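The structure appears right after this line, and notes come after that.
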Amino acid sequence: MTQPKSTVSTILRHFFKKLNAPYRLSITNTASMEESFSFQLTKKSVYLFLTSLFVGIFIFFSLIIFFTPIKYYVPGLQQNSNRKELFKLQNLADSLIKVNKLREGYVYNLLKVVNGGYDTARDTTMLSEDAIKAATASNENKIDRASRYDYLKNQRTDTLSVEKKDSILIKKNQ
300 MTQPKSTVST
310 ILRHFFKKLN
320 APYRLSITNT
330 ASMEESFSFQ
340 LTKKSVYLFL
350 TSLFVGIFIF
360 FSLIIFFTPI
370 KYYVPGLQQN
380 SNRKELFKLQ
390 NLADSLIKVN
400 KLREGYVYNL
410 LKVVNGGYDT
420 ARDTTMLSED
430 AIKAATASNE
440 NKIDRASRYD
450 YLKNQRTDTL
460 SVEKKDSILI
470 KKNQ
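Going from the sequence shown to our numbering is simple: count from 1 and add 299.
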């Protein structure tokens, strides 16, 4: 007895046998029934043409994207200098937030003392001289750091300088 052939192998064999079979593509004018164009094609030439066209279009659009300013709109293709500048500005903003918190705490404590709401739970008379000096030095250090903006004014990025003016950051092009 003969074994039945698998349908997949017969379909593939039939497909590859007809791959080089010639076909004729003719375009006719319906008004005059004249043949305008006639082409001799094979399945192989049609497949090669379509794949070549697909690869050509892909290469064309890739070249357009990578060699024109459109590349700046593609996510992830920004320049490294922009990323470094972003980190510098983020660090600057973080340091301004820290300075602002220190100043707010200082002003809040001043208002609290002026209004008579000082902390009575901690009696400073019970502290040693060294602890009082350490606390005073720490407070003065915090106040000095909060009141100095020189280190912020001298920090510069590649294209921007940032100045502090009336609690608003103003960016100026150099």
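Even for Gly, the Cβ is constructed at its ideal location relative to N, Cα and C. Predicted model, so just to flag it, every value in this text is computed and none were measured.
Close Cβ partners of residue i (< 6 Å) along its chain, the five nearest in sequence each way excluded
i, result
"residue 472", "Note that residue 472 scores a pLDDT of 42, beneath 50, so its modelled location is shaky; the value from the coordinates is reported in the next line. Result list for residue 472: empty, nothing under 6 Å."
"residue 334", "325, 327"
"residue 407", "none"
Of the residues the options, the one placed nearest residue i, counting alpha carbons only
i, options, result
"residue 438", "409, 425, 416", "409"
"residue 343", "404, 357, 319", "319"
"residue 345", "317, 381, 387", "317"
Residue i: first and last residue of the uninterrupted beta strand (DSSP E) it sits in
i, result
"residue 326", "321-328"
"residue 336", "333-341"
Chain-order list of residues whose beta-carbon lies under 8 Å from that of residue i (same chain, five-residue window excluded)
i, result
"residue 321", "339, 340, 341"
Span of the alpha helix (DSSP H), counted from its first residue to its last, around residue i
i, result
"residue 373", "That residue, residue 373, is in no alpha helix (DSSP H); it is neither H nor E in DSSP."
"residue 315", "306-316"
Own chain, CB closer than 7 Å to residue i, minus 5 neighbours either side, in chain order
i, result
"residue 465", "Low confidence applies here, because residue 465 scores a pLDDT of 38, under 50, leaving its location unreliable; read the following figure in that light. Answer for residue 465: no residue qualifies."
"residue 313", "none"
Expected contact under 8 Å - CB spacing of residue i and residue j to nearest Å
i, j, result
"residue 245", "residue 364", "Nothing in the structure corresponds to residue 245, since the chain is present only between 300 and 473."
beta-carbon residue i near the ligand GDP non-hydrogen atom, thresh 8 Å
i, result
"residue 350", "Questions concerning the ligand GDP fall outside what the structure shown contains, since it holds no ligand whatsoever."
**Asked** Any chance the region 348-366 sits against the region 325-338, with 3 or more Cβ pairs inside 8 Å?
**Response** no
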